[in-house]
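So in my numbering, spot 107 of the sequence shown is number 1232, and the numbers just go up one at a time. Even glycine gets a Cβ: it sits at the ideal position worked out from N, Cα and C. Since the model is a prediction, treat every value here as computed from it, not as a measurement. Before any comments, here is the structure.
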Amino acid sequence: MAKQTGRVLVAQNRKARHDYTIEDVLEAGIVLMGTEVKALRAGRASLADSWCEITDGEAWLHGVHIPEYAQGTWTNHAPRRKRKLLLHRAEIDRLGMRIGDKGQTIVPLALYFLDGRAKVEIALARGKRDWDKRQALRERQDNLEAQRAMRERRDR
1126 MAKQTGRVLV
1136 AQNRKARHDY
1146 TIEDVLEAGI
1156 VLMGTEVKAL
1166 RAGRASLADS
1176 WCEITDGEAW
1186 LHGVHIPEYA
1196 QGTWTNHAPR
1206 RKRKLLLHRA
1216 EIDRLGMRIG
1226 DKGQTIVPLA
1236 LYFLDGRAKV
1246 EIALARGKRD
1256 WDKRQALRER
1266 QDNLEAQRAM
1276 RERRDR
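Right under this line is the structure:
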């Protein structure tokens, strides 16, 4: 079997960009069991309701649902177990200091394979209030309407 190259997206947390203001994005490796890798290669995972935390100088990913591998036997994994993230010490320390600020959290944005290795894209984020979300939707809608009007004007 040929080695996989490039970035192959498995799961994406689209709701995170709506619920949070993204301030800093990092790529982290993730420690997985064999059946988890096989389930991910089948394209099955969910990042909804997942988060990261730093405890005892280590980064952990919680709430990611990787369903059991169908052909797995007694060696199958628990679907929602916490998984260790692989980051440099300086990155963990910097994230640990920054999440101490009020309203800061770490959320996973995407789970993917990069040149055959499982990676997770995590972001330092600040929670949005309801009016921030409505304002962002309004701005996006205004931009789409402006683009549409310019396109119609140009096509005349």
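Asked, Found
"Just verifying my parser: in three-state terms, what is the DSSP assignment at His1187?", "strand"
"Using a Cβ distance threshold of 8 Å, determine whether the region 1156–1169 contacts the region 1258–1267, with at least three qualifying pairs required.", "no"
"So the alpha helix (DSSP H) Arg1219 belongs to, where does it begin and stop?", "Arg1214 to Arg1223"
"In the structure shown, what three-state DSSP assignment does Gln1129 receive?", "coil"
"Output the distance between the C-alpha atoms of Leu1239 and Val1133, rounded to the nearest integer angstrom.", "7 Å"
"Along the chain, where does the alpha helix (DSSP H) containing Thr1160 start, and where does it finish?", "Gly1159 to Arg1166"
"Are the CB atoms of Pro1192 and Arg1169 within a distance shorter than 8 Å?", "yes"
"Taking DSSP as the reference, what is the three-state secondary structure of Arg1259?", "helix"
"Could you check what DSSP says for Ala1243 in three-state terms: helix, strand or coil?", "strand"
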